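S.K.: Please find one structure pasted underneath; my questions will follow.
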Amino acid sequence: MYVLLVASAFNSLTQRVHAELRDHGHRVAVELALPGVPLADAVLRHDPDLVLAPMLTTAIPEEVWSARTCLIVHPGPVGDRGPSSLDRAVQEQVTRWGVTVLQAGAEMDAGDVWATAECPVPPVGKSDLYRGEIADAALRAVLLAVERVASGTHTPVPQDPAAVRTRPYLRQEARRIDWEADSTDRVLRTLRAADSRPGVLDELLGGEWYLHGGHPEHRLRGRPGELLATRAGAVCRATADGAVWIPELRARRVPGEPAPVKLPAALALGDRLPPLREHPAPPPHADARGRTWADVRYREEGPVGFLSFAFPGGAMGTAQCRRLLEAYRAACARPTSVLVLGGGRDFFSNGIHLGIIEAAADPARESWDNINAMDDLVEAVLTTTDRLVVAALGGNAAAGGAMLALAADEVWCRAGVVLNPHYRLMGLHGSEYWTYTLPRRVGAAAADRLTTEALPVSAAGALRLGLVDRTVPCAPQAFAGETARLAAHLAALPAAQSRIAAKKALRERDEAVRPLASYREAELALMHRTFFDPAAPYHALRRAFVRKEAAAATPPHLTRPVPGRPGAAITSLAVHDGAPGAEGC
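When we follow our numbering, the leftmost residue of the sequence shown carries the number 3, and every step to the right adds one.
Right, here's the structure in full:
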C-alpha cells in the first residue's frame, strides 16, 4: 500500500513507523501538520491508500477523514482519551499500559479500534518509555492495523462507551512540586512524567525554570528545596525525605524573546548558582552497583568489561565526551578481552550537543571543541587493538553517535532501534571518521545513499545493509542482560584471540594505505569551514532545532514516496494476537 504518515513532527515513533512500514514492502511518505499549511491539499496531492498519524497533536480535518481511512496512534489503552495519556500513566505509576490504533472521526480518540497492544511500564522517564515499550507496542498495533486495512475484509470495533475514560490535559498546576512536603518518590514520579516535554515548572534562585529529568540520591541530605551539590552538570536538590539529581533545566520563555534552550542544570543557572561542592560519582570502575546516580559506569563480568553511559537526549557535549574518553581509557587498562560500549535502554548517542553549542558565547568555537572531543573518543575506539570492542545500542543513534558505534568491531542493537547515519539535515559534512568506517561497512554506494537521502533506518534494515552485525529481539529492560550473555559467549569463543590478532593486523594494513589522521584532517577541514562561516545554514538549522521553531513546510526528502524494500514479504500478524504483550481486537 501507499501509506501517508501525517505527524506534528518527524519524531522517534514516526521515524520508526516510516522505516518499518518500508521494511514490510509499503511505499511511505510524510506530511507534517503545520500551522497555515492545508493538510487536506497535501493528502489530495498524495492520494494515498491509507493516512496514518503516529504522533499528531491536532485534529485531522473532516474533509480528509470523511473521504478516506485515517488511523490515529493513541499512546493509551482502549477507552483512554486525552492529550496527556502517557504523562498520567507515569505519574500514577501504572504497571501496564497500551497503545490503540483507531479511526479518525469528529471526536478525538473516539473512533473505532483497528488494533491495540499492551506493554509493561517500568520506572523510567516518559520519553524513555515512549521510545521503548510504547514504541514496541505501537509498532505491533500499527503493523496489524495496516495489514487489516490492506485485507479489505476487517471491520474495526466500536469503543464501549462504558469503558471510556476522558482526562484533560495535565497542566503545570497538577505537576507542581512541593519541596517541603513531597517525598523523593513523588518528586521523581512528577519529574519523570514530564522529563522531555513539557518539564516541571518551578522557582529556583530567583528565576522560573522547567526541570527536566530526575534521579534519586541516597546519601546527600539537606533542607527541603535546598541545592546541595553538583555532578557532571546536574544539580542535587533536597526533598522532604532525601534528594534528587536534576540533569537539565530550561528557562521559562520571556514574551518577545527566543525560546530558551534546554541545558545541563549547572550551565543553565550560570552565575545564579551559589558555590556548591562538586560531588563526583565514584570512579566508573569503582562501584558499578552503587545506588548513586552516574551518567558513566563501568563493571566487569569475567573477561568482559561493560562501559555504559546515559546522556540526556543522547547529546554529548565537550565535557561529556572527555569524561567518557577518560573512562574508556581506564576500561582499556583492565584485563578483559571484550569491552562493551553502551548497553543502556535509551539513546546510545546523537553526537555533538547542539544545545550547549547554541548557548555558548562563541558557538563556532564550541562546535569545534565538541567535534574534536567526539573525534578523540572515536579514534580511541578505532585504535583499540588488544581486545574486541562491541557497541551495544539499546536505543536510537544518529549523526556522530551512529558513527561512534561504527568504530567498534561489532555493532549490536535492539530490534526496535532506529538509526539515522547522516548529518545533512543539520547542514554538516560530519566527522567522527565516518568517511573511513561507513564505506568499509556498507560500501561506497550505500554510504552515499544513506548520507544524502537522510532517512531513518530500522534495526532490520541496518542488519541487511551490514551497518550492524546483530539485532537483539528483546524488551528494552532485557537488553542489558541479553548483551551481557552474548558478550560472555563472544569472549569464550576459541576464535576470540585470533580475531583480536587479525583486527590488529588489519588496522596496521589500513594505516599503511591511508592514515586515520588523514580522514580526520579532511573531515575537519570541511567542518571548520562550516562552523566559522556565519552565513552557513548550520547555524540557522541548529537554532531552529534546539529552540523548537516550527518548520514552514515539510522537508522535501520526506514528502517523496519512498518504496518499500524490494521483495519484502508482508508477514501476517494475525497469528500473533495472543502473544505476550499483544492484544488483537
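Yeah, the Cβ is synthetic: ideal placement off N, Cα and C, and Gly gets one too.
Keep in mind that this is a model prediction, so the values were computed, not measured.
If you follow the alpha helix (DSSP H) that residue 357 is in, where does it begin and where does it stop?
M.R.: Stepping through the sequence shown from its first residue, residue 357 is reached at position 355. Element bounds for residue 357: 356–361.
S.K.: Cβ of residue 316 versus every heavy atom of the ligand NAP: is any distance shorter than 7 Å?
M.R.: Among the components modelled here there is no ligand, and therefore nothing to report on the ligand NAP.
S.K.: Per DSSP, what kind of secondary structure is residue 31 in: helix, strand or coil?
M.R.: Indexing the sequence shown from 1 puts residue 31 at position 29. In the structure shown, residue 31 sits in a strand (DSSP, three-state: E or B).
S.K.: I need the DSSP call for residue 299, collapsed to helix, strand or coil.
M.R.: The residue labelled residue 299 in the question sits at position 297 within the sequence shown. Note: residue 299 maps to strand in three-state DSSP.
S.K.: Alpha carbon to alpha carbon, how far is residue 93 from residue 41?
M.R.: Here the question's residue 93 lines up with position 91 in the sequence shown. Here the question's residue 41 lines up with position 39 in the sequence shown. Their Cα atoms are separated by approximately 34 Å.
S.K.: If you count every other CB in all the chains shown that lies within 10 Å of the CB of residue 506, and 16 or more means buried, which is it?
M.R.: Residue 506 sits at position 504 when you count from the first residue of the sequence shown. Exposed, by the Cβ-count rule.
S.K.: Among 31, 548 and 351, whose alpha-carbon lies nearest the alpha-carbon of residue 360?
M.R.: Along the sequence shown, read from residue 1 onward, the residue named residue 360 stands at position 358. Cα-wise, what sits closest to residue 360 is 548.
S.K.: Quick one, which of 109, 107 and 117 has its alpha-carbon nearest residue 100's?
M.R.: For this step, residue 100 is matched to residue 98 along the sequence shown. Answer by Cα proximity: 117.
S.K.: Would you tell me roughly how many angstroms separate the C-alpha atoms of residue 259 and residue 198, rounded to the nearest one?
M.R.: In the sequence shown, residue 259 corresponds to position 257, counting from 1. In the sequence shown, residue 198 corresponds to position 196, counting from 1. Their backbone Cα atoms lie some 21 Å apart in a straight line.
S.K.: Mapping DSSP to helix, strand and coil, what is residue 212?
M.R.: Translated into the one-based positions of the sequence shown, residue 212 becomes position 210. In the structure shown, residue 212 sits in a strand (DSSP, three-state: E or B).
S.K.: So is residue 171 buried or exposed if we call it buried at 16+ other beta carbons inside 10 Å?
M.R.: In the sequence shown, the residue the question calls residue 171 occupies position 169. Label assigned to residue 171: exposed.
S.K.: Taking the alpha-carbon positions, what's the residue 276 to residue 432 distance?
M.R.: By 1-based counting over the sequence shown, the position of residue 276 is 274. By 1-based counting over the sequence shown, the position of residue 432 is 430. Computed Cα separation, rounded: 38 Å.
S.K.: Looking at the unbroken beta strand (DSSP E) that takes in residue 310, where does it start and where does it end?
M.R.: Translated into the one-based positions of the sequence shown, residue 310 becomes position 308. Note, residue 310: beta strand (DSSP E), 306–311.
S.K.: Hey, out of 409, 110, 426 and 410, whose CA is closest to residue 401's CA?
M.R.: For this step, residue 401 is matched to residue 399 along the sequence shown. Nearest option by C-alpha distance: 426.
S.K.: Which runs of the beta strand (DSSP E) fall wholly inside the region 52–120 and span at least 3 residues, in chain order?
M.R.: 52–55, 72–76 and 98–105
S.K.: Determine the contact status of residue 213 and residue 201, defining contact as a CB-CB distance below 8 Å.
M.R.: One-based indexing of the sequence shown puts residue 213 at position 211. One-based indexing of the sequence shown puts residue 201 at position 199. Going by C-beta atoms, residue 213 is nearer than 8 Å to residue 201.
S.K.: Could you give the DSSP three-state label for residue 318: helix, strand or coil?
M.R.: The sequence position of residue 318 within the sequence shown is 316, counting from 1. Strand at residue 318.
S.K.: Should the region 237–255 be regarded as contacting the region 317–330, the criterion being three or more beta carbon pairs within less than 8 Å?
M.R.: no
S.K.: Shortest alpha-carbon distance to residue 35 belongs to which of 29, 44 and 148?
M.R.: Stepping through the sequence shown from its first residue, residue 35 is reached at position 33. Among 29, 44 and 148, the Cα nearest to that of residue 35 is on 44.
S.K.: Classify residue 346 as helix, strand or coil using the three-state DSSP reduction.
M.R.: For the purposes of this step, residue 346 is taken as the residue at position 344 of the sequence shown. For residue 346, the three-state secondary structure derived from DSSP is coil.
S.K.: I'd like to check one pair, residue 428 with residue 540: are the Cβ atoms closer than 8 Å?
M.R.: For this step, residue 540 is matched to residue 538 along the sequence shown. For this step, residue 428 is matched to residue 426 along the sequence shown. Contact: yes.
S.K.: Which residue comes first and which comes last in the alpha helix (DSSP H) that contains residue 13?
M.R.: The residue given as residue 13 occupies position 11 in the sequence shown. Residue 13 -> no alpha helix (DSSP H), and no H or E assigned at all.
S.K.: What number of angstroms, rounded off, separates the C-alpha of residue 518 from the C-alpha of residue 496?
M.R.: Here residue 518 refers to the residue found at position 516 of the sequence shown. Here residue 496 refers to the residue found at position 494 of the sequence shown. In a straight line, the C-alpha of residue 518 is about 30 Å away from that of residue 496.
S.K.: Would you check if there are 3 or more beta carbon pairs closer than 8 Å linking the region 483–503 to the region 348–368?
M.R.: no
S.K.: Start and end of the alpha helix (DSSP H) containing residue 512?
M.R.: Stepping through the sequence shown from its first residue, residue 512 is reached at position 510. Residues 498–515.
S.K.: Less than 8 Å between the C-beta atoms of residue 123 and residue 164, yes or no?
M.R.: The count along the sequence shown starts at 1 and reaches residue 123 at position 121. The count along the sequence shown starts at 1 and reaches residue 164 at position 162. Not a contact, by the Cβ cut-off of 8 Å.
S.K.: Three-state secondary structure (DSSP) at residue 400?
M.R.: Taking the sequence shown and counting its residues from 1, one reaches residue 400 at position 398. Strand.
S.K.: Exposed or buried, what is residue 447 when buried is set at 16 or more other beta-carbons lying within 10 Å of its beta-carbon?
M.R.: What you label residue 447 is simply residue 445 of the sequence shown in a count that begins at 1. Exposed is the call here.
S.K.: At which residues does the alpha helix (DSSP H) containing residue 245 begin and terminate?
M.R.: Against the sequence shown, residue 245 aligns to sequence position 243. Note, residue 245: premise wrong, no alpha helix (DSSP H); beta strand (DSSP E) at 245–248.
S.K.: Mind checking whether residue 30 and residue 46 have CB atoms under 8 Å apart?
M.R.: Looking up residue 30 in the sequence shown gives position 28. Looking up residue 46 in the sequence shown gives position 44. No. Outside cutoff.
S.K.: Restricting to Cα atoms, I'd like to know which of 567, 459 and 32 is closest to residue 11.
M.R.: For the purposes of this step, residue 11 is taken as residue 9 along the sequence shown, with counting starting at 1. If we check each option's Cα against that of residue 11, 32 comes out closest.
S.K.: For residue 14, does the count of other Cβ atoms within 10 angstroms reach 16, so buried, or fall short, so exposed?
M.R.: Here the question's residue 14 lines up with position 12 in the sequence shown. Flag for residue 14 reads buried.
S.K.: Comparing alpha-carbon positions, which option in 313, 237, 244 and 187 lies nearest residue 206?
M.R.: Counted from its first residue, the sequence shown places residue 206 at position 204. Selected option, being the one with the closest Cα: 237.
S.K.: Between which two residues does the alpha helix (DSSP H) holding residue 436 run?
M.R.: Taking the first residue of the sequence shown as position 1, residue 436 is located at position 434. Note, residue 436: alpha helix (DSSP H), 436–444.
S.K.: Nearest by alpha-carbon distance to residue 512: which of 417, 385 and 37 is it?
M.R.: Here residue 512 refers to the residue found at position 510 when the sequence shown is read from its first residue. When each option's Cα is compared against that of residue 512, the closest is 385.
S.K.: Please say whether residue 369 and residue 316 have beta carbons closer to each other than 8 Å?
M.R.: Taking the first residue of the sequence shown as 1, we reach residue 316 at position 314. Taking the first residue of the sequence shown as 1, we reach residue 369 at position 367. In this structure, residue 369 does not lie closer than 8 Å to residue 316 by Cβ.
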